[in-house]
Each structure stands twice: as C-alpha cells, then as structure tokens.
Amino acid sequence: MAPLVPIFPTDDLQSRVQIIHRGFKEKRRKGEPIDLHKCELMEMVQYSCNPPEEGILPPGVVMCKPIVRLFRRCAGGLTVETTSWEKMNANNEASSNKLDTRKEKKS
C-alpha cells in the first residue's frame with residue numbers, strides 16, 4: 001500500500017518543499033532553502049482515455065484528452081509537481097500587472 005500523502009493548499013507548496021517526511025516524522029531540509037522559482041520548469045503530457053460523456057463511439061474508436069502536468073526539478077534531485085502552483089502564480093502576476101497598469105494611467 002502506498003504511503004499516506006498529506007493534502008495542503010497550493011499556496012503552502014513553497015514552504016512544504018522545505019520539509020522532509022520520513023515515516024510520521026518531519027524535519028527541515030539541510031542547506032539553503034529551496035526557491036521553486038529558480039528550479040527548472042518541466043512539462044509532461046498524460047492522456048486520459050475515459051469513456052466519452054457524449055455517447056457511445058463506433059467500435060474501435062477511443063477518445064483521449066491531453067492532461068498537461070508541470071514540474072520543477074531542483075538541485076539535489078528534488079522534483080515537485082507544480083501544475084496548480086504555476087497557475088496560481090500566473091494569476092497573481094496577471095493581477096499585479098493590471099494594478100500596475102491602472103496606477104500608471106492615474107499618474
């Protein structure tokens with residue numbers, strides 16, 4: 001059976017990668033804190049080939065949809081899935097850019 005995986009909010013990811021889980025114990029990683037923004041961004045595409053919701057397809061036809069997953073690979077081999085974290089950061093950057101644009105127009 002696979003080990004239990006803790007569930008946490010996306011915005012906690014940056015602090016969660018600083019901790020190592022061994023059994024039921026947690027301890028801080030040695031060395032400098034990990035900055036996910038500095039780690040290499042990688043992409044993997046998986047395909048979900050579930051039965052279609054639209055109805056039954058002709059025999060031999062399979063409908064698959066791509067699912068893009070994003071990862072950050074850091075020094076020391078740490079690899080973390082960051083799909084929802086990347087989306088959250090993109091939304092935050094877009095929001096701050098809109099605010100900056102509005103401030104410039106008012107000046």
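Just so you know, we're using UniProt numbering here: the sequence shown kicks off at 1 and counts up by one.
Yeah, the Cβ is synthetic: ideal placement off N, Cα and C, and Gly gets one too.
Per DSSP, residue i forms a beta bridge with which residues?
i, result
"L41", "R72"
"K65", "S48"
"E26", "H21"
Under the rule that 16 or more other beta-carbon atoms within 10 Å means buried, what is residue i, buried or exposed?
i, result
"R72", "buried"
"V62", "exposed"
"V17", "buried"
"T82", "buried"
Is the beta carbon of residue i less than 8 angstroms from the beta carbon of residue j?
i, j, result
"I67", "S48", "yes"
"I19", "C74", "no"
"E86", "L70", "yes"
"M88", "D11", "yes"
"L36", "V80", "yes"
Does DSSP put residue i in a helix, a strand or coil?
i, result
"T79", "strand"
"D12", "helix"
"A2", "coil"
"E93", "helix"
"E53", "coil"
"E86", "helix"
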